[in-house]
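Accompanying notes for the structure given below.
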Amino acid sequence: MLLIYEGKEFEVASPLNGFEAAKILDPSKKNKAIAVKQNGRLTDMNVSVEEGEIEFVLPDSPEGFEMINHSCSHLMAQAILRLYPQAKFGFGPAIEEGFYYDVDFGDVVLTDKDFPAIEAEMKKIVKENIPFRRKEVSKEEALALFADNPYKIERIQELEGTISVYEQGEFKDLCRGPHVPSTGYLKHFRLLSLAGAYWRGDSKNKMLTRIYATCYPTEESLKEHLETLERRKANDHRRLGKELGLFMLSDYAPGMPFFLPKGQIVYNELLSYWREIHQKYGYSEITTPTMMSRELWETSGHWDHYKDNMYTTKVDEADYAIKPMNCPGAILVYQNGIHSYRDLPLRYAELGHVHRHEASGALNGLFRVRAFTQDDAHILIRRDQIEEEVKSIMKLMDEVYDVFGLTYRIVLSTRPDDYIGEIEFWNQSEEALASACRDSGHDFQINPGDGAFYGPKLDFKLRDSMGRTWQCGTIQLDVNLPHRFGCFYIDESGNKVEPVMLHRVVFGSVERFLGILIENYGGAFPTWLAPVQVEILPVNNDAHLEYASEVLAELQGMKVRAEIDSSNEKLGYRLRQAVVSKIPYTLVIGDKEKENHLVTYRIYGQKEQITVSLEEFKALISESISKKLRY
RNA sequence: GCCGCGAUAGCUCAAUUGGCAGAGCAACUGAUUUGUAAUCAGUAGGUUGCUGGUUCGAUUCCGGUUCGCGGCACCA
């Protein structure tokens, strides 16, 4: 039979399994291959290969990584079963950075103090080098095999045809496979954390114990991953926010952040940039009330849908709600006048401070809060303007995200089952969003059926410097709200026509975006955002304070946020303070600088000291700020 | 909201089996006037989240509660 491997043809004896094929086709990799891939299908190494093109999957490929993690979840389950014979297993899939297994431990409460014992048992099984064996069984056989496990039974009931089961020694699991050849292939793993997770992700079901873990092809790559986890912890915005004095939370207002003086500066800089760019793109800023009457929320539909998550109150016998979103306010602004088709698009931007009573367990630093500011806009347009307007929004988003060095991918969510309106308009709208993406040169994924009931949407998933993704921007098409409020414009023939509304945010929540920025920059903000931009250090307070004050005055005169540290400490100490505070520019002022009207600066994170004239430094920092450079 | 864990000085953390609550950093005072990541000495700082109980005695054991952490569910 003929096999093709890396473009070369090999005539081999058949039948032949993956191990044998590896031995012949690629002797150098035969010990590393963990699976065979043919015609896009992965199979176990001990399965016969077919005639045709063949590939070997190595543990350090993306597919290989998923496989070793999936196999490792079986390994962990086997170890758990040896230590806890009563354990019943749910699902145990590979995930992006490792794997987990959901386990019902009965009355036993597991803690992370039990991890070492489980890891030790896993290592024993690795040493035993037990092969993973695939077995195909009928549904009846499968039900008999897993008779003592209600979770597996529930899953088997849903399956049709033959069912594959993997066995390693005394342990068996329901699984599609494939798996690594034997447990000896899994050496570099670590149990990470423990969590509760509802069976099948449904809060009505029993909660199982989920163990998160990870497995890497080598000890070095595992170590590297664990270091990444540490680095993420060090960059956690909650920790940095405290260390750098940016924001705080209080027991008196859970989930409602307080911005401290330094954090408020960053916040204000973000907003002033936001105002600047929205002005450039033809938006008009509005402000609508924080609290509006029940009738308004009934008209918008929010009262019925979200009453439990809204803060409500009674004033003079009437019900009121604190706004959970800004749309109805924008609609009222629109209805304050009569609009011609020539007036559209009308772009109402609003930095709206909204309150949502999020579940207590959902709160997380600035990422998930109960009070936050949406950088909202509601754009009223004619149906024929959708595509062009979406393109304009995307251009604005590109410009904004680029300033922060954030890249993104786009997801288009389409018509759900419970949609309202005409199918034809849905199709047109989805196509308008898609073609706006294509025309502005962006790829997008489709998330079928995930749109809101009132219209399709584009979501922007940002990627930060640590490779994590965040949903920030979104563009949502809405025909529902204008209809509910009876909005109209006058067309060419003098008829009243319902406009379409676009909801969109760029930052999403300003608080959350700030949290992302803190983590993305590791707390070391670019100059334009930094709370203190320049720290001035006189070498000797008696001799140099006067010139240092002159430098300070010059910088403050051009609105640079500068300060002098004239405390009675050694230069090294004060320099360290500036570095720990992550201040972008540190200026040292001594005899040399004073004599010749110079400054010596050092940029955050750099060792190099540069001496320039004060004039040059002023030009330098003013360029850094106005062009929003990192430094 | 659910499962698990936690809460001690401004911050980061200690405190054998229940027996006078400690350290480093920060703060304050004094000396030192300093050329690129921590000068020295001293002082002060706490109803151990709150609340009930057990006990001669509770930071420690038990219950409740608030807030936080890791997840799950939720996210207009």
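Sequence positions in the first sequence follow the numbering used here and run 28 to 658.
Backbone N, C-alpha and C fix where the C-beta goes; we use that ideal spot for every residue, glycine too.
With a threshold of 16 other CB atoms inside 10 Å of the CB of residue i, please say whether the residue is buried or exposed.
{"i": "H332", "result": "exposed"}
{"i": "Y279", "result": "exposed"}
{"i": "S277", "result": "exposed"}
{"i": "M318", "result": "exposed"}
{"i": "R397", "result": "buried"}
{"i": "T687", "result": "Look at the range of the chain in this structure, 28 to 658, and you will see that residue 687 is not part of it."}
{"i": "K64", "result": "buried"}
{"i": "V506", "result": "buried"}
{"i": "R495", "result": "exposed"}
{"i": "P234", "result": "The residue you asked about is not Pro; residue 234 is Met in the sequence shown. With fewer than 16 other Cβ atoms within 10 Å, it is exposed."}
{"i": "F431", "result": "buried"}
{"i": "K179", "result": "buried"}
{"i": "V76", "result": "buried"}
{"i": "P335", "result": "Here residue 335 is Asp; the residue named in the question, Pro, does not match the sequence. Exposed: under 16 other Cβ atoms inside 10 Å."}
{"i": "E457", "result": "buried"}
{"i": "N295", "result": "exposed"}
Of all the options the options, which has the alpha carbon lying nearest to the alpha carbon of residue i?
{"i": "G379", "options": "G535, Y428, M234", "result": "G535"}
{"i": "E312", "options": "L323, A376, F285", "result": "A376"}
{"i": "W330", "options": "I349, P316, T314", "result": "I349"}
{"i": "N568", "options": "I591, V587, W555", "result": "I591"}
{"i": "I107", "options": "K166, S98, F142, K59", "result": "F142"}
{"i": "G388", "options": "L271, Y368, D343, G223", "result": "G223"}
{"i": "S191", "options": "L213, K289, Y178, K166", "result": "K166"}
{"i": "V561", "options": "F644, I502, L508, H571", "result": "F644"}
{"i": "K35", "options": "K341, E457, R409, D53", "result": "D53"}
{"i": "Q401", "options": "L297, N474, I473", "result": "L297"}
{"i": "S598", "options": "P565, R237, G364", "result": "Correcting the residue type first, residue 598 is Leu in the shown sequence and not Ser. Closest option to L598, Cα to Cα, is P565."}
{"i": "S608", "options": "P483, L273, E90, E457", "result": "L273"}
{"i": "S41", "options": "M28, K50, A49", "result": "M28"}
{"i": "D518", "options": "W555, Y368, S649, L102", "result": "Y368"}
{"i": "L373", "options": "I648, E90, H571, Q306", "result": "Q306"}
{"i": "H624", "options": "Y612, Q604, H571", "result": "H571"}
{"i": "I152", "options": "S100, C514, K619", "result": "S100"}
{"i": "E325", "options": "D346, N66, G117", "result": "D346"}
{"i": "R203", "options": "L186, L218, Y361", "result": "L186"}
{"i": "L219", "options": "R465, R265, M103", "result": "M103"}
{"i": "R465", "options": "M493, I450, K422, E426", "result": "K422"}
{"i": "R265", "options": "Y600, T255, E246, G290", "result": "G290"}
{"i": "N454", "options": "K484, Y428, E426, H469", "result": "K484"}
{"i": "I122", "options": "S55, E33, R237", "result": "R237"}
{"i": "G67", "options": "N176, D425, I81, N353", "result": "I81"}
{"i": "V537", "options": "P284, Y446, T554, D486", "result": "P284"}
Would you please state the rounded distance, in angstroms, between the beta carbons of residue i and residue j? I believe it to be under 8 Å.
{"i": "Y310", "j": "A404", "result": "6 Å"}
{"i": "L489", "j": "Y548", "result": "Wrong, their Cβ atoms sit about 14 Å apart, outside the cutoff."}
{"i": "H206", "j": "L249", "result": "That belief does not hold up - the Cβ atoms of H206 and L249 are roughly 19 Å apart, past 8 Å."}
{"i": "F92", "j": "M72", "result": "Contact flag wrong, Cβ pair sits at about 17 Å."}
{"i": "I183", "j": "F173", "result": "7 Å"}
{"i": "L504", "j": "V527", "result": "7 Å"}
{"i": "Y239", "j": "G125", "result": "7 Å"}
{"i": "L253", "j": "G550", "result": "About 22 Å; that fails the 8 Å criterion."}
{"i": "I545", "j": "G268", "result": "6 Å"}
{"i": "I637", "j": "Y628", "result": "6 Å"}
{"i": "I413", "j": "A479", "result": "With 8 Å as the limit, I413 and A479 do not qualify as a contact, their Cβ atoms being about 16 Å apart."}
I'd like to confirm the pairing. Which residues does DSSP put opposite residue i in its beta bridges?
{"i": "D346", "result": "K341"}
{"i": "R160", "result": "E194"}
{"i": "L43", "result": "Answer is none; L43 lacks a bridge partner."}
{"i": "N391", "result": "R395"}
{"i": "I31", "result": "E36, E80"}
{"i": "I304", "result": "BP columns for I304 are empty, so no partner."}
{"i": "R629", "result": "T613"}
{"i": "S209", "result": "P158"}
{"i": "S659", "result": "Within the shown structure, residues of the chain are numbered from 28 to 658, placing residue 659 beyond reach of any answer."}
{"i": "F173", "result": "Answer is none; F173 lacks a bridge partner."}
{"i": "T501", "result": "D486, V532"}
{"i": "A404", "result": "A376, R531"}
{"i": "M318", "result": "I349"}
{"i": "Q65", "result": "R68"}
{"i": "S311", "result": "Y375"}
When every heavy atom of the ligand MN is checked, does at least one fall within less than 7 Å of the C-beta of residue i?
{"i": "Y375", "result": "In terms of ligand content, the structure shown is empty, and the ligand MN therefore cannot be addressed."}
Checklist line | Completely contained beta strand (DSSP E) runs for the segment 509–592, where each covers 3 or more residues | finding: 527–536, 561–565, 589–591
Next item on the list: Quick one: which unbroken alpha helix (DSSP H) runs of 4-plus residues sit fully inside the segment 414–451? Chain order, please.
Entry: none
Next item on the list: Mind listing, in chain order, the continuous alpha helix (DSSP H) runs of no fewer than 4 residues lying wholly within the segment 261–301?
Entry: 264–270
Next item on the list: Enumerate, from N- to C-terminal direction, the unbroken beta strand (DSSP E) stretches of 3 or more residues contained entirely within the segment 91–165.
Entry: List check, beta strand (DSSP E) in window: 125–131, 160–164.
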